[in-house]
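Student: Below: one structure in structure tokens.
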Amino acid sequence: MSDLYLCPVTFDEAVDFVGCHHRHHPAPTGHKFSIGVARGGEIVGVAMVGRPVARLFDDGWTLEVNRTCTKGLPAMLIRCFMAPRGALPRRWAIGD
């Protein structure tokens with residue numbers, strides 16, 4: 215697991231990755247930011263973070279992990295979730 219590291223990814227890179235590797239959901243239509251998990255220079259997972267899907271939670275401060283996607287190791291999901299959480303100290307909603 216120590217060979218995994220976080221890397222920035224653009225919206226287009228995240229959408230392409232989700233389109234190629236997610237089993238049953240398309241990529242979200244927008245995001246605030248995305249974070250990638252890489253190994254040896256290759257992206258092996260992404261987390262797309264955006265506004266909450268549920269209007270009740272969309273208070274202007276809350277963000278939601280709208281989509282995660284990995285190629286392989288399930289432990290990478292934890293890294294994808296925890297990376298953006300440290301960026302903003304406010305309330306989080308997690309959906310997928």
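Position in the sequence shown (from 1) plus 214 gives the number in the numbering used here. Idealized CB from N, CA, C, for every residue including glycine. Just so you know, these numbers come straight off a predicted model, no measurement behind them.
#1: Let me make sure I understand the geometry here. Which of V223, C283 and L218 has the alpha-carbon closest to that of G259?
#2: Mind checking whether C221 and G255 have CB atoms under 7 Å apart?
#3: F225 and H238 - do their beta-carbons sit closer together than 7 Å?
#4: With a threshold of 6 Å on Cβ separation, who are the neighbours of R253 within its own chain once the five nearest residues in sequence on each side are excluded?
#5: Can you tell me the Cα-Cα spacing of W275 and I257, whole angstroms?
Tutor: Let me spell this out:
#1: Translated into the one-based positions of the sequence shown, residue 259 becomes position 45. Looking at the Cα atoms, C283 is the closest of the given residues.
#2: Counting from 1 along the sequence shown, the entry for residue 221 is found at position 7. Counting from 1 along the sequence shown, the entry for residue 255 is found at position 41. In this structure, G255 does not lie closer than 7 Å to C221 by Cβ.
#3: By one-based count along the sequence shown, residue 238 stands at place 24. By one-based count along the sequence shown, residue 225 stands at place 11. Their beta carbons are not under 7 Å apart, which means H238 does not touch F225 by this criterion.
#4: In the sequence shown, the residue the question calls residue 253 occupies position 39. Annotation for R253: D217 and L218 place their beta carbon closer than 6 Å to its own, counting only its chain and skipping 5 residues before and after.
#5: Along the sequence shown, read from residue 1 onward, the residue named residue 275 stands at position 61. Along the sequence shown, read from residue 1 onward, the residue named residue 257 stands at position 43. Taking the CA atoms as reference points, W275 sits about 29 Å from I257.
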